[in-house]
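Chains as they are written, first to last, in our numbering: chain E, 199 to 312; chain H, 97 to 208. Have a look at the structure below, then the notes.
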């Protein structure tokens, strides 16, 4: 069974440019999470989806970050415009509803903003 | 955002030694989880704890849910080279949104 797929794995952009990350969760998982992981820190939740609905986006900086999960499967996370402080690893995870402890993480996208 | 206090931040040990790390919080948690993250990969769940005082093992790994509900411990016995990585604790609070809060991680390095 394929795990959580993320792309790209690495992205280098200049500040003020837009960037987008894509996530394909494990088949059948209707809960999807986006996390931010700064160097030397644990993951921090940005947004959680139950199917198409964003049920927790309280930590998402909405002035520059946006996310969507239109068909309740794949999801994209966008930053526009990117700032230097956005350099980090962006992790996607998925789980079955009600089994939030068993979250399966993707490998992440490492973003470097120059 | 809120994070758990995890210690030590790093450990350098000899192969075959036992390892202990812990995680503390000022708040009560109703679930404690331990993850391992290898370089370039996402975290992988090792052990989940759901009851105060619970002691759970997964091979050479043993974790405990502190009786105060404010801490948890992970022990690794007879370490081997593949144990190298970063270990994260994570907790779920009784009150508030159903989200995981992660510790800062413990980086384990093993000298062969």
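Beta carbons: idealized from backbone N, C-alpha and C, even for Gly. No experiment lies behind these values; they were computed from the predicted model shown.
For residue i, the first and last residue of its enclosing beta strand (DSSP E)
i                      : result
residue 273 of chain E : 273 to 277
residue 228 of chain E : Per DSSP, residue 228 of chain E belongs to no beta strand (DSSP E) and is neither H nor E.
residue 141 of chain H : 140 to 145
residue 207 of chain H : 202 to 207
residue 196 of chain H : 196 to 198
residue 249 of chain E : It is not in any beta strand (DSSP E) - residue 249 of chain E carries neither H nor E in the DSSP assignment.
residue 291 of chain E : 286 to 293
residue 282 of chain E : Residue 282 of chain E -> no beta strand (DSSP E), and no H or E assigned at all.
residue 214 of chain E : Here residue 214 of chain E belongs to no beta strand (DSSP E), and DSSP marks it neither H nor E.
residue 158 of chain H : 157 to 161
Helix, strand or coil at residue i [DSSP, three-state]
i                      : result
residue 168 of chain H : strand
residue 254 of chain E : strand
residue 123 of chain H : coil
residue 112 of chain H : coil
residue 100 of chain H : strand
residue 165 of chain E : Absent from the model: residue 165 of chain E. The displayed extent of chain E is 199 to 312, so no value can be given.
residue 106 of chain H : strand
residue 178 of chain H : helix
residue 222 of chain E : strand
Residue i to residue j span [Cα, whole Å]
i                      : j                      : result
residue 250 of chain E : residue 129 of chain H : 27 angstroms
residue 266 of chain E : residue 202 of chain H : 33 angstroms
residue 139 of chain H : residue 132 of chain H : 5 angstroms
residue 143 of chain H : residue 149 of chain H : 14 angstroms
residue 280 of chain E : residue 206 of chain E : 16 angstroms
residue 264 of chain E : residue 114 of chain H : 44 angstroms
residue 285 of chain E : residue 230 of chain E : 22 angstroms
residue 164 of chain H : residue 288 of chain E : 33 angstroms
residue 242 of chain E : residue 123 of chain H : 17 angstroms
residue 102 of chain H : residue 196 of chain H : 15 angstroms
residue 41 of chain H  : residue 168 of chain H : No answer is possible for residue 41 of chain H: the residues shown for chain H start at 97 and end at 208.
residue 260 of chain E : residue 170 of chain H : 37 angstroms
residue 147 of chain H : residue 120 of chain H : 16 angstroms
Assumed close pair residue i, residue j - CB separation to whole angstroms, cut-off 8 angstroms
i                      : j                      : result
residue 302 of chain E : residue 245 of chain E : Wrong, their Cβ atoms sit about 17 angstroms apart, outside the cutoff.
residue 221 of chain E : residue 304 of chain E : 6 angstroms
residue 212 of chain E : residue 312 of chain E : 5 angstroms
residue 273 of chain E : residue 202 of chain E : Rounded, the Cβ-Cβ distance is 10 angstroms, inconsistent with contact.
residue 307 of chain E : residue 214 of chain E : With 8 angstroms as the limit, residue 307 of chain E and residue 214 of chain E do not qualify as a contact, their Cβ atoms being about 19 angstroms apart.
residue 240 of chain E : residue 200 of chain H : 6 angstroms
residue 232 of chain E : residue 268 of chain E : 15 angstroms between Cβ atoms; not a contact.
Distance cut-off 6 angstroms: residue i Cβ against heavy atoms of the ligand SAH
i                      : result
residue 100 of chain H : Absence of the ligand SAH from the depicted structure is noted, as is the absence of any ligand whatsoever, leaving it without description.
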